[in-house]
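Asks:
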Amino acid sequence: MEFKTYMCLICGWVYDEAAGLPDEGIAPGTLWKDVPMNWTCPECGARKDDFEMMAI
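So the mapping is simple: my numbering equals the position in the sequence shown, first residue as 1, plus 2.
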């Protein structure tokens, strides 16, 4: 399985599916579609709608 990364279009913060966000209760390997809808960017507070998949 190939993990993807998603970048906040507002501040540039990147969510990496492989790494997850353990400090916020999102386990490593958590797919973007499984991140809660009410989750917000830890840097600027943007919503999931403000993120876009990016290739690294």
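Just so you know, even glycine gets a beta-carbon here, dropped at the ideal spot from N, CA and C. Given the structure is predicted, the values throughout are model-derived calculations rather than measurements.
Grab me the residues of glycine 31's own chain with a C-beta within less than 8 Å of its C-beta, minus the 5 sequence neighbours each way, in chain order.
Replies: Same-chain partners within the cutoff: Phe5, Glu19, Ala20, Gly22.
Asks: Go ahead and label cysteine 46 buried or exposed: buried means 16 or more other beta carbons lie within 10 angstroms of its beta carbon, across all protein chains shown.
Replies: Its Cβ having fewer than 16 others within 10 Å, cysteine 46 is exposed.
Asks: How about tryptophan 41 and tyrosine 8: are their beta carbons less than 9 Å apart?
Replies: No, the Cβ-Cβ distance between tryptophan 41 and tyrosine 8 is not below 9 Å.
Asks: Just list the beta strand (DSSP E) runs in the stretch 13-56, keeping only unbroken ones of 3 residues or longer that don't cross its boundaries, in chain order.
Replies: You should have 16-18, 53-56.
Asks: Please classify cysteine 13: is it buried, with 16 or more other beta-carbons within 10 angstroms of its beta-carbon, or exposed?
Replies: Per the 10 Å Cβ criterion, exposed.
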